[in-house]
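Colleague: Using this note's numbering, read the sequence shown as starting at 372 and increasing by one per residue.
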Amino acid sequence: MCLEIKQNNSKTLSVDALNSNLQTVTDFVDGVLEENGCPVKAQLQIDLCVEEIFVNIANYAYGDGCGKAEITVENSGGSIVLTFKDSGVPYNPLEKADPDITLSADERQIGGLGIFLVKKNMDSVSYRYEDGKNIFSMTKKI
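(1) In the structure shown, what three-state DSSP assignment does ASN407 receive?
(2) Between which two residues does the beta strand (DSSP E) harbouring LYS382 extend?
(3) What do you get for LEU465, buried or exposed, if any count of 16 or more other CB atoms within 10 angstroms of its CB means buried?
(4) So which of GLY448, GLU501 and ILE417 has the shortest CA-CA distance to GLN460?
(5) Can you find the residues in the same chain that come closer than 8 angstroms, C-beta to C-beta, to GLY449, ignoring five residues on each side of it along the sequence?
(6) Check whether the Cβ atoms of LEU384 and ILE417 sit closer than 8 angstroms, and answer yes or no.
(7) DSSP three-state call for TYR433: helix, strand or coil?
(8) Please name the residue, chosen from SER497, GLU445, LYS490 and ASN505, that lies closest to GLY408 on a Cα-to-Cα basis.
(9) Give me the Cβ distance between VAL396 and VAL386, rounded to the nearest whole Å; I'm assuming they're in contact under 8 angstroms.
(10) Helix, strand or coil for ILE513? Go by DSSP, reduced to three states.
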């Protein structure tokens, strides 16, 4: 595990992309949110989204292998920006169609609900693949 504090009011954590590191990631993010006076409701929404994105990286980015996940949290003029980077298989979760939430859970196709919740709980989300890395960013106004 590696923690880096940058001059632009951001902090970065690098961990092995393993489900067992989810609590470490959540604790890190919550610490930065508390330092920045993030309201409890926004923190709960952010925590849900952090869990979804990190677990997806841990479960799918590296297949049967293991790699790193880097999480940066930045206070940018009244908004919290969270950026997740991994060197796994290129995958843009935003390309997946939103699930039809009017259907029952039994009728609905598997997958897509997590990223749907991320899009609904955050003010903006973006994805790009650059320099061999998946880069997923999400922003929440606080």
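Positions of the beta carbon are idealized from the N, C-alpha and C atoms, including for glycine.
Modeller: According to the structure shown:
(1) Start at 1 with the first residue of the sequence shown, and residue 407 comes out as number 36. Three-state result, ASN407: coil.
(2) Stepping through the sequence shown from its first residue, residue 382 is reached at position 11. Counting along the chain, the beta strand (DSSP E) containing LYS382 begins and ends at 381-387.
(3) As a position in the sequence shown, residue 465 is number 94, starting the count at 1. So LEU465 ends up on the exposed side.
(4) If you number the sequence shown from 1, residue 460 lands on position 89. Note that residue 460 is Val in the sequence shown, not Gln. Closest option to VAL460, Cα to Cα, is GLU501.
(5) Locating residue 449 in the sequence shown gives position 78, where the first residue counts as 1. Excluding positions up to five away in sequence, the list reads LYS512 and ILE513.
(6) As a working mapping, residue 384 is identified with position 13 in the sequence shown. As a working mapping, residue 417 is identified with position 46 in the sequence shown. The Cβ-Cβ distance between LEU384 and ILE417 does not fall below 8 angstroms.
(7) Against the sequence shown, residue 433 aligns to sequence position 62. Here TYR433 sits in coil by DSSP.
(8) Within the sequence shown, numbered from 1, the residue matching residue 408 stands at position 37. GLY408 has its Cα closest to that of GLU445, out of SER497, GLU445, LYS490 and ASN505.
(9) Position 25 of the sequence shown holds residue 396. Position 15 of the sequence shown holds residue 386. Taking 8 angstroms as the upper bound for CB-CB distance, VAL396 and VAL386 are in contact here, some 6 angstroms apart.
(10) Locating residue 513 in the sequence shown gives position 142, counting from the first residue. ILE513: coil per DSSP, three-state reduction.
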